[in-house]
Structures are given as C-alpha cells and as structure tokens.
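The structure is reproduced here in structure tokens:
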C-alpha cells in the first residue's frame, strides 16, 4: 500500500477501537440524529435538495477544496460541478485518485432520509494546513484525549491543534467570511 492509499484508508475512519485513531463511534451521534430529524421535518416535500457540508482542514492554507462524493458523470456530480464551475475530472480532489469510503457524512444522511429527492452538493473544505500538519495534529488530538491529558504541554498542544482546524489567522478568517456566502449563492443559482 502506498502513502496515498494508506492515507485514504485512515481518513475513512474505523469503528472497532474506541481509543483508536479516527474512531467513528458505535451509534449515531446526537448531531446526526438531530440533523436527520431536521431533514425529515423541513425537507419532507422538497423534490430537489442542494447542500454544502462545510469543513476545514483539507487543502493548503486558504485553498478551497470541493469534495463531490457523487459518482463522476452522474447528474448529481455534473450539477454540483456546474454550480462552482469545476472541471469534472472524476475524483481528482482526492490525491489517492479514489474517494475514501466515508461513513456518517451529512450528504449520506440526506440521501438516506430523502431517497426519493434529487440531491446534489459537496463537502467544501477551507484548507488550513498541509497533509502532514493535519495528520500530525489529529494524532496529537487523539493522544491528548487518551494518554496526554495531564502532560505539561497539553494546553499548548491543544491550542495548536485547534489552530490547525480553525486558524486564528485573520486573512484565513476573512477568506472564509468572503467566499462562504459566494459559494452558497452559486449553489442557489444552480438549481
């Protein structure tokens, strides 16, 4: 297995070790249950649903990465690619060339709750750091939760991890504030 393939395996999560890296849990989280209830209550009559699942992390600092999880070439993939004027080159946003087998994403919950609706969208990442920094930060976060809680540097390490996930840098925050509404408007104009 090469480095990118290993990364893809790691990022898709695991469900057998609660103290392990990228643990996905044994049952739906409160937020997942609540989100599904909102979809059922407020989108029950919608025949067309467009969504953005906002994330931070993947991508170089300030880079906007669109992760369209629909099958390349499908109507849904073409729609989402069109909203944001993206080249439709399959899974090119994934460095492995293949989507990890994610579980528990908002887009999956929408499709499970509304299988009869026309649904398209993307995970949109506001990049914060290179892959190594993200991976290291997630490893440190896991270590702090289970072994390093009382370490003398725990507070500084926690602050550094938070900064990787949501940078304090004002230029990054301004980018998010400026581009977020534009990306939402593009989705709304598309369907």
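Numbering (the numbering used here), first residue to last: -12 to 178.
No residue lacks a Cβ here, since even glycine has one placed at the ideal position from N, Cα and C.
Judged by DSSP in its simplified three-state form, residue 167 adopts helix.
Residue 71 and residue 62 have their C-alpha atoms spaced approximately 15 Å apart. Between residue 49 and residue 124 a beta carbon distance of about 17 Å is seen, past the 8 Å cut, so the two are scored as non-contacting. In this structure, 27 is the residue among 42, 16 and 27 with its C-alpha nearest to the C-alpha of residue 102. Taking C-beta atoms under 8 Å as the contact rule, residue 53 and residue 106 fail to qualify, at a distance of about 16 Å. Shown here, residue 71 sits in coil according to DSSP, grouped into three states, outside any helix or strand.
The C-beta distance from residue 126 to residue 141 rounds to 14 Å, too long to fall under 8 Å, and the pair is not in contact. Shown here, residue 8 sits in coil according to DSSP, grouped into three states, outside any helix or strand.
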